[in-house]
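Below is one structure, written out as structure tokens; the observations come after it.
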Amino acid sequence: LGQTAKLTFQMVDQSMPVQDALSGRPPAGSSVLYSQDDPPVPYLIENRVIVSGENLVDAQATYNSQNNEPVVSFRFDSKGAARFGQATAQNVGKLFAIILDNQVISAPQIREPILGGTGQISGNFTAQSANDLAVLLRAGALPATLTVIEERTVGPGLGQDSIHAGKVAGIIGSILVVAFMFVAYGFLGFLANIALAVHVAMIVGVLSLLGATLTLPGIAGIVLTIGMAVDSNVLIYERIREERRAGRSVIQAIDTGFTKALATIVDSNITSLIATVVLFYLGTGPVKGFAITYAIGILTTVFTAFTFTRLLVSIWLRRARPKELPKAPVTFVPPGTKIPFMGIRRWTFTLSSALSILSVVLFMTVGINYGIDFKGGSLIEVQAKSGNADLADLRARLTELNIGEVQVQQFGTPNDVLIRVGTQDGGENAEQTVIDKVRGELQDNYDFRRVEVVGPTVSGELAKQGTIAMLIALLGILIYVWFRFEWQFAVGAIVATVHDVVMTLGFFVISGLEFNQSSLAAILTIIGYSLNDTIVVYDRVREDLRKYKRMPLPQLLNNAINETLSRTTLTSVTTILALLALVLFGGEVIRSFTMAMLFGVIFGTYSSIFIAAPLLILFKLRPQATADEEKPVNGGKAVAT
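Its first residue numbered 3, the sequence shown is counted upward by one per residue in the numbering used here.
Put into structure tokens, the structure is as follows:
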């Protein structure tokens with residue numbers, strides 16, 4: 003990198019055997035060059051250049067129209083066409099060499115004069131080898147010098163450690179979620195756990211089909227979806243319990259539960275998917291890996307809940323013919339709660355407003371600890387080859403290099419060190435010079451486990467992309483919620499989500515955690531999660547509006563929140579369990595991501611209850627007679643479901 007590949011077309015000198023040239027002296031005006039084969043093949047090449055890469059317009063892997071064999075088609079500009087046409091007319095039957103950086107990449111025979119500026123290189127090509135040659139030809143024709151403006155390198159040691167940490171976090175997170183689901187739902191939880199295993203297998207299968215590279219953030223995405231995957235089953239099971247308490251038979255309750263939960267699950271997951279798609283298109287590198295696994299997880303979650311879980315429940319119904327739903331070992335939220343959430347809405351509004359203002363003030367005054375993704379510079383993780391790292395010695399040695407501001411801190415174990423170097427003056431290549439200096443100074447005593455370099459141009463682009471990503475995600479969600487609900491719901495959802503984003507930024511300021519691309523991924527994921535919780539509450543509010551058109555709005559909102567409180571609590575707990583596994587066992591590399599997510603899930607749950615719902619009163623939403631009140635079931639009282 004940093005040098006232009008040099009491509010030339012030259013004649014093969016066949017005036018003497020190449021072996022004679024190797025053992026003696028090659029003819030004047032010719033040199034021996036070697037191919038890229040293994041082992042390399044020697045060629046005697048005339049030094050005179052017929053055409054250079056500057057004259058090559060295009061090269062593509064195509065197929066011969068006569069025998070359908072793979073060939074490489076190339077095209078010269080007018081100047082190159084004239085030179086190449088003259089040379090091939092004078093050397094029919096002879097070999098010419100295509101040379102890239104003094105290595106022979108191909109030496110075809112001239113079968114006939116090539117006068118039109120276009121030609122084909124044929125031989126024993128496969129489709130892959132023809133494409134490889136075309137890529138090499140185009141690379142050699144590249145007129146610009148490459149400048150490294152961003153580099154991210156992970157050494158084998160860190161890569162192995164990251165994979166191990168991801169596996170451990172995944173296993174522990176899965177065990178915690180599986181155990182919790184069984185405790186919360188008994189036998190139905192056992193069925194949900196089987197569906198969860200299928201969900202994970204489907205994610206791995208889809209990733210394999212796509213040929214996607216599984217990064218540590220990607221593993222984090224899988225672990226996170228394990229915690230959130232049970233959300234669909236929780237919604238379904240809670241709905242089934244409500245229908246059973248309303249007097250329906252077990253079969254009727256299960257059928258109605260699956261049917262009524264569908265709209266809520268689809269709405270809540272689409273909002274998460276919107277944020278994830280934005281993250282994929284505007285994110286970079288490992289962040290895309292997280293977005294891919296998380297998006298696949300969202301889709302497989304809905305699929306397994308409404309196909310596999312329903313299949314398992316149907317099989318159980320046919321074989322067991324139960325008269326009652328399975329009992330859960332523990333009831334976390336008792337049915338029929340009547341917590342007056344709206345009675346304290348003024349206090350929660352005041353508290354949230356104060357915390358939001360404090361977060362903004364801290365953000366403006368103290369500032370956030372931006373990583374190199376957003377301010378540029380270099381980040382180097384090294385590990386002492388023997389014993390603990392000597393931070394004082396490292397600082398002294400790096401200061402002598404005159405590379406500007408340098409921060410040295412312990413990272414994880416006592417022998418691991420993180421080195422941060424500020425943005426360098428002198429253009430993009432100056433960052434690479436710093437890496438070379440540091441490597442030369444420390445490589446005898448330290449292994450380089452990770453190197454990240456972001457030039458000032460890229461850091462500015464990443465900051466701009468991050469801002470655009472959040473705005474697009476919020477706009478997309480606003481449009482969708484407005485389409486599915488009334489405007490009061492849409493605005494309330496956005497206000498609650500912005501509240502969560504502001505609080506998360508405040509958390510970054512207070513905690514001093516580094517804010518990087520992974521942190522941005524966490525915020526976009528929090529946006530999706532917060533909306534997921536809010537949509538569940540709003541969907542129940544909308545349903546109750548159709549049933550209880552004369553009920554005062556504060557009372558109706560209290561009912562809706564209490565009716566969904568068990569789902570909100572259980573889903574938050576499973577997500578937090580998975581995140582705790584990532585925080586404790588996922589390693590330092592994704593620490594800022596997992597800590598931000600953990601904080602965001604807690605505040606997302608809070609805002610769906612204490613911000614999003616009370617805002618409907620502030621926006622003067624009123625129940626409207628869109629449907630008759632639900633009639634009692636089997637003579638029982640009318641209930642909200």
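Think of the CB as a built atom: it goes at the ideal place given N, C-alpha and C, for glycine as much as any other residue.
- Our two residues, T536 and E383, have alpha carbons roughly 40 Å apart in a direct line.
- Contact check between the region 570-580 and the region 224-232: three or more CB pairs, one atom from each, fall below 8 Å, which counts as touching.
- By the beta-carbon neighbour count (other beta carbons within 10 angstroms, threshold 16), R323 is exposed.
- At a cut-off of 4 residues, not a single continuous stretch assigned as alpha helix (DSSP H) sits fully inside the region 348-372.
- According to the DSSP assignment, M505 belongs to the alpha helix (DSSP H) that extends over W489 to S513.
- Bridge partners of P72 according to DSSP: Y65.
- Out of I300, T566 and T266, the CA that lies nearest to the CA of I276 is found in I300.
- For the 8 Å CB-CB criterion, S520 and V289 form a contact.
- One Cα belongs to Q412, the other to I529, and the distance between them is close to 32 Å.
- Judged by beta-carbon spacing, V137 lies beyond the 8 Å limit of F365, meaning their Cβ atoms are not closer than that value.
- Under the three-state reduction of DSSP output, F605 falls in the helix class.
- Contact between I479 and L533 holds, with the beta-carbon distance rounding to 6 Å and staying under 8 Å.
- When DSSP states are grouped into helix, strand and coil, I100 belongs to the strand group.
- Distance between K387 and V585, taken at the CA atoms: about 27 Å.
- Distances from the CA of L211 to each of T278, A194, I177 and I294 were compared; the closest alpha carbon is that of I294.
- Beta-bridge partners assigned by DSSP to L477: none are found.
- Taking C-alpha positions only, G468 is separated from L522 by approximately 7 Å.
- Here the C-alpha atom of E565 lies approximately 12 Å from the C-alpha atom of I242.
- For M13, the pairing in a beta bridge is given by DSSP as F98.
- For S532, the uninterrupted alpha helix (DSSP H) segment begins and ends at Q519 to K549.
- Secondary structure of T566 (DSSP, three-state): coil.
- For E114, the secondary structure class from DSSP, reduced to helix, strand or coil, is coil.
- Between the alpha carbons of D39 and V408 lies a distance of about 45 Å.
- Separation of the CB atoms of A186 and F310 is rounded to 19 Å, and the pair is thereby denied contact status at 8 Å.
- Here R348 is exposed. Its C-beta has fewer than 16 other C-beta atoms within 10 Å.
- By alpha-carbon distance to Y372, the top candidate from D438, L515, T350 and L353 is L515.
- Take the alpha-carbon of V363 and the one of A398: they are about 37 Å apart.
- The C-alpha of G424 lies about 49 Å from the C-alpha of E48.
- Annotation: the continuous alpha helix (DSSP H) that includes A398 extends over L393 to T401.
- In the DSSP assignment, F334 falls outside any beta strand (DSSP E), carrying neither H nor E.
- The residue among A356, D541, T499 and S568 with its C-alpha nearest the C-alpha of G602 is T499.
- Ranked by Cα distance from L572, the options F98, I346 and V180 are led by V180.
- When the Cα atoms are used, E114 and Q122 turn out to be separated by approximately 11 Å.
- Taking C-alpha positions only, T527 is separated from F376 by approximately 19 Å.
- V43 carries a coil assignment under DSSP once its states are collapsed to helix, strand and coil.
- Only buried fits D546, as 16 or more other CB atoms lie within 10 angstroms of its CB.
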